[in-house]
Every structure is written in C-alpha cells, then in structure tokens.
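Numbered by UniProt numbering, the letters in the sequence shown go through residues 1 to 440 in order.
Here is the structure we will look at, set down as structure tokens.
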Amino acid sequence: MRNKTVIKLFLVIILSTTYLISFSQIGSFAYESIFLKHNRFAKGTAIGSVNVAGLSKREAIDTIINHVNEWKAVQNTAIVYQETKEAIPADLFTFQIEQSVEQAVDGQQSQLFIVLDEKQLYSLISRIVGENLVSLFDMERLKNDVIEVAATLKTNAALIDIANYVKEQNIEQKVINEAVVANLQGNQAEVLAWISKHPTIEIKGKSPFSLLNYFKEQNGSFSSEAMSLIASAIYQTVLPTNFTIMERHTSRELPSSIQFGYEAKVDRQNRDFIFYNPNSSSYTLELQLINNGFKVTLKGLPFINKYMIKLDVEHFAPKTIIQYSPTLQPNETRLKQEGKQGTLVKVKKEVYDEQNHLLKTELIAEDFYPPVHKIEIHGLDIGIDAENGAMNPENDSMPNSSSGQNEEQKTAPTHVENKKNQGNMQQDSPINNDTEIYEK
C-alpha cells in the first residue's frame, strides 16, 4: 500500500516537471513567434541605405551607428566652384538614428534623418566664393542636397558644384570683362554687318569653343582680316579669366587695328582660335556695335579669383641694309625700303585671390614681330668692282675711293653673319640690278 503511494507521488512529480518544462519551451516559442515577430523589421525594410530587414529596433540602431561611423571616417564629400574645392567636415552632420528607426516603415525604404549645421555650411560657402557672392546661391536647396548625399552613406567621392545652385534671376547677369575695337579700317562694313546678325555667342560649360567652326556654321563668306579682328577682340575679352587658350596664331606684322599681345589670326585654311571653358556653367559673349567699331562683353557667373594681364614689351631696332647699284651715280643714295622696329611681347596672367594675394603667374604667350630692315641703294664709288665689290687695281692710287672702300669693309662681317636674315628680306624685296648687300 505504501509502495503504491510512493509510486503515484513519483509519477505526479514526473508529469508535473514534464509539463512545466514543456510549457516554458512552448511558451517561449509562442512568444517569439507571435509577439517578437512584430518587433522585427519586415523584408525590404531599409533606413537610408542601410538594410534593417529582420532586425529588432535595437539591432537596427547598432547597425546604423556602425555604418555612420565608417562613413565619417572615410567620407570625401566636397563643395566645388570653378578652381576651388573644399571638403565638407563630417562634424557638420548630426545623424538622428533613434528617431529614424522609430519612424521607419516596415517593408519600405525610410529616411535617415540628419541635421546639418547651417551656420558652418554658410561659412564654408563664404570661404569658397567670398562673402559678397553667397547671396547668388540658393542655400536652402544646397543644404537639402548635401543632406541627401550624406544620407546615402556612400564612401566614394561626391563633388557638389555650387554653380548649379545659382538663383535663377542671377544667372548670366554679371559683366566679367569687355574689349573694344575702334579702328576697323577697310573691314568696317564686313565686320559690322556680321555682328548685327550675330550679337551673342554661347560658350558652353566644360567644352572647347572653336571660332573658325563657328564662322563655318554660319555659312557666310568672311575675309581672314575680318575674322581676325573679331577673334582678337574675343581673345582680349576671355584672356583675363580661367579659360584655357588651346590654339592661337599671330601674323608676321601686327595689324594696326589690334593691340600688342592681343592678336588672334584666323583664316579658313589652317589657323583657328580655340579656347576651353573649364567651368560647369555657360558664359555668353555679347557683340555690340559702337560708333565705327564694336565691343565684346563676357557675361556669366563671376570668378572667385581675379585675373590680371601683364605685357612685357621689348623693341628691336631695324638694321640698315646697303645695296650697291651700277645704275646710280657715285655718292647717290636711294631709299628702297623704310625700316620698322621689331617687337617681342610676353603675355603673362597673374592670378589673385579675393584678398588680392598673388596665387600664381602664368606665361601665356610670346608674340614676336620681327623688324623690317631699312634698305638703301648706293651708287658705286670709283674703284669698286661692280661684279664682286672688290677694289679695282687700276684705281688703287685714288685716295678718295680707297677711303670709301675701307669704310664699307667694316660692315662686311655682319653681312656674312646675317646672311640668313638678308635672304628672307630678299624674298620680300627682290634685287634686280644691285650688286652687293651690306648691313650697318
């Protein structure tokens, strides 16, 4: 009897223990299946660029914190404008991670909330473009886009060009530079007629501009002299900018209508004037008739740096070339060609920042216009052989002719040294009856 009671008690204990263990396991499973399932994010849930599907809120917060810290350590987001680029410090961003997790929507991509320090952003833009130009930009739109870039948590370089954030009413309103050509000489009618039909030329951003191609696109006949006048005025206008001169030509002799250092010769054969606009924004060249000349004006977004053009001009005096001719009487002299001095022009561009500190000096070009030598034709003195310029032995006893011959022989070495230059001059001015050439 007593043994039966013990056995029954033992069975009750075993059943009770089994029940309690089973209930705890089943209850835990049921809790996880029914209750905790609703505290985890469903498939397809993302906060910003971070996938949080299947994670609890606490796990999602920790995951996003890790992604944000990794992004802050290597992020390379920068603001650019023309030649200037400045990185955006990571401490400008405050990530509101817990709020983002709380407001996340199951099965969808939700926003990663970020607060941007607007004061620091304004200061950053001011350093780049200067205090006076900040008002040109839509700071609210810029702020939103900077936040959007940060919310992606992408570690590759992100460049934000603030030229794209200029307020619409400010686009292409600033006069950058201008040049005037007043003396058109014989090309006046041709140039003025063309300008009246083409008052504006667009210079697209991040693109080269070929003036010769532009002329050809207009399908009009235009002389080289007229094209060169317009090209030179445009060159003078765009030179004090950050535009890059890619191709430019000069003449052997500077046209009287063009200033030293600003010539750009163009013809339809093989001479073009090409420059490159490195900015993302477009610029406009406006051509305007004034009196008997014209003016070229460059308009667009202002430059953060200042560009000054310096011309170093050096002149070279012409030499005198003496030619002897048997057709002239002794001591008779005739001027065959008037001399003209040569010129070397070094064109330099100085770049200054907003505080007028010199950043750099660039040598843009060296334009050389050779001198035109003066040519005199002299009659043969008695005692000079017309064939070879040597002393005639029959006249050795004549003191006057001997004295004249010695004077000319002093310049003979320069005749040999400059033989090449004289050859060029002879091509321009053929010699017919002249027997010898000397320089002095």
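We put the beta carbon where it would ideally sit given N, CA and C, even for glycine.
What you are looking at is a predicted structure, and each value in this text was computed from that prediction instead of being measured.
Fewer than three Cβ pairs drawn from the segment 262 to 269 and the segment 57 to 72 lie within less than 8 Å of each other, which leaves the two stretches out of contact.
Ranked by Cα distance from Leu301, the options Asp117, Ile364, Val166 are led by Val166. Taking a C-beta distance under 8 Å as the contact criterion, Phe273 and Ala233 do not qualify as a contact pair. Listed as beta-bridge partners of Thr237 by DSSP are no residues whatsoever. Between the segment 334 to 341 and the segment 274 to 282, the count of Cβ pairs shorter than 8 Å is below three; the stretches do not touch. Judged by DSSP in its simplified three-state form, Lys174 adopts strand. The DSSP-derived three-state label of Thr77 is strand. Bounds of any alpha helix (DSSP H) do not take in Tyr165, whose DSSP letter is neither H nor E. DSSP places Leu184 outside both helix and strand once states are collapsed to three, so it counts as coil. Shown here, Val115 sits in a strand according to DSSP, grouped into three states.
In the displayed model, Arg248 falls within coil according to three-state DSSP, outside both helix and strand. Taking C-beta atoms as the reference points, Leu359 and Lys346 fail to come closer than 8 Å. Here the alpha carbon of Lys57 sits roughly 12 Å from the alpha carbon of Asp106. CA-CA distance, Lys204 to Ser281, rounds to 7 Å. Three or more beta-carbon pairs drawn from the segment 100 to 118 and the segment 46 to 61 are found closer than 8 Å, and the two stretches are therefore classed as touching. By the C-beta density criterion, Gln99 is exposed, having fewer than 16 other C-beta atoms within 10 angstroms. Counting only residues of its own chain and dropping the five nearest sequence neighbours on each side, Thr284 has a CB closer than 8 Å to the CB of Glu172, Thr200, Ile201, Glu202, Ile203, Leu298, Lys299, Gly300. By the criterion of at least three beta-carbon pairs nearer than 8 Å, the segment 347 to 354 is not in contact with the segment 314 to 328. Around the beta carbon of His378, 16 or more other beta carbons lie within 10 angstroms, which makes this residue buried. Under the three-state reduction of DSSP output, His198 falls in the coil class, being neither helix nor strand.
Ranked by Cα distance from Thr77, the options Ile13, Ala42, Thr327, Leu153 are led by Leu153. In this structure Ser256 is not in contact with Asn331, their Cβ atoms being roughly 37 Å apart against a cut-off of 8 Å.
Sequence-distant Cβ neighbours of Ala53 in its own chain, meaning closer than 8 Å and more than five residues away, are Phe41, Ala42, Lys43, Gly44, Thr45, Ala46. In terms of CA proximity to Arg248, Ser210 leads the group Pro89, Ser210, Phe222, Glu225. Per DSSP, Leu211 is one residue of the alpha helix (DSSP H) stretching across 211 to 217. The Cβ atoms of Lys143 and Leu124 do not sit closer than 8 Å to each other. Bounds of the beta strand (DSSP E) holding Arg334 are 333 to 337. Taking 8 Å as the cut-off, the beta carbon of Leu229 is found closer than this to the beta carbon of Asn187. For Ala87, the enclosing beta strand (DSSP E) has its first and last residue at 84 to 87.
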